[in-house]
Amino acid sequence: MNTVQLEKAKHDRNRFDCGITALNNYLKVMASQQAKKDNTRTFVLEDKQCPEHIIGYYTLTMTPIDIQDLPPKLQKKHHSVTSGGLIARLAVDHRYKGQGFGEWLLIDALRKLLMASETVAFPVVIVDAKDGAEYFYEKYGFTAFKNADNKLFITIADIRASIGELI
């Protein structure tokens, strides 16, 4: 399996339905616009039988971080950090749920962010967990920010150390 960047002309964005209106609408309306502006990159997992069908997607970008939101140990270690990688969205079409695609997409996103951090250093990856998805991310080592339950992070060092376990 491989993810590819969303292609407006190729992928049937209107067919995608993960059950969360905001995630569906982003893919249908905003993803291509944000990519053209170099604000985000959206990657899709295509159905092998019908490549225009999107199994799931995720969106990556950078985000400012407030170092004070990190645990004291990380504040000390990364005192001059101002940004981190962001998994802004991750969703699986309801027709493909329960088949491990969410995990696969998360691992793929973490791999891409790990590779990016080797070129443009940043110490953490942040995720905005939508509609109670915090537990999903916590299973993979993400920790909630102390001031926002739906905003979680994992360090690049932790990703690097555990990526072999995840594949």
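Take 1 as the starting number for the sequence shown in UniProt numbering and just add one per residue. Glycine included, every Cβ here is placed at the ideal spot set by N, Cα and C.
Quiz prompt | Distance cut-off 7 Å: GLN34 Cβ against heavy atoms of the ligand FAD | solution = Ligands displayed in this structure: none; no statement on the ligand FAD is therefore possible.
Quiz item: In its own chain, which residues sit with a C-beta less than 8 Å from the C-beta of PRO64, not counting the 5 before and 5 after it?
Solution: Looking up residue 64 in the sequence shown gives position 64. Taken in chain order, the residues that qualify are THR82 and SER83.
Quiz item: Which first and last residues belong to the alpha helix (DSSP H) in which GLU103 is found?
Solution: As a working mapping, residue 103 is identified with position 103 in the sequence shown. GLU103 -> alpha helix (DSSP H) spans 101-119.
Exercise. Have a look at THR143, THR119, VAL4 and LEU74 and flag the residue whose alpha-carbon is nearest the alpha-carbon of ALA129.
Key: Within the sequence shown, numbered from 1, the residue matching residue 129 stands at position 129. Selected option, being the one with the closest Cα: THR143.
Quiz item: Where do the ends of the alpha helix (DSSP H) carrying LYS151 lie?
Solution: Within the sequence shown, the letter at position 151 stands for residue 151. First-last for LYS151: 148-155, but that is the beta strand (DSSP E), not the alpha helix (DSSP H).
Practice problem: Below 7 Å CB to CB, which residues in the same chain sit around ASP149 once its five sequence neighbours on both sides are set aside? | Solution: By one-based count along the sequence shown, residue 149 stands at place 149. GLU134.
Self-check item: Cβ-based burial, ASP38 [other Cβ within 10 Å; buried from 16]
Solution: Against the sequence shown, residue 38 aligns to sequence position 38. With fewer than 16 Cβ atoms within 10 Å of its Cβ, ASP38 is classed as exposed.
Quiz item: If you check the beta carbons only, do CYS18 and VAL127 fall under 8 Å apart?
Solution: Within the sequence shown, numbered from 1, the residue matching residue 18 stands at position 18. Within the sequence shown, numbered from 1, the residue matching residue 127 stands at position 127. Contact: no.
Quiz item: Near MET1, what residues of its chain come up, given a Cβ to Cβ distance below 7 Å and the 5 sequence neighbours on each side ignored?
Solution: The residue you call residue 1 lines up with position 1 of the sequence shown. Same-chain partners within the cutoff: LEU45 and TRP104.
Quiz item: Is GLY100 buried or exposed, if buried means 16 or more other CB atoms sit within 10 Å of its CB?
Solution: Here residue 100 is taken as the residue at index 100 of the sequence shown, counted from 1. GLY100 comes out exposed.
Exercise. Report the rounded CA-to-CA distance for SER162 versus THR155, giving the unit in angstroms.
Key: Within the sequence shown, residue 162 is the residue found at index 162, counting from 1. Within the sequence shown, residue 155 is the residue found at index 155, counting from 1. Each residue's Cα considered, the two are about 11 Å apart.
Quiz item: Can you name the residues that DSSP bridges to GLU46?
Solution: Counting from 1 along the sequence shown, the entry for residue 46 is found at position 46. Beta-bridge pairing links GLU46 to ILE54.
Practice problem: Spatial neighbours of ASP158 within its chain, please: CB distance less than 6 Å, with the 5 preceding and 5 following residues excluded, ordered by chain position. | Solution: Start at 1 with the first residue of the sequence shown, and residue 158 comes out as number 158. Answer for ASP158: GLY141, listed in chain order.
Quiz item: Hey, quick one: how far does the beta strand (DSSP E) through LEU86 stretch, first residue to last?
Solution: To locate residue 86, count along the sequence shown from 1; it is residue 86. 83-92 is the extent of the beta strand (DSSP E) around LEU86.
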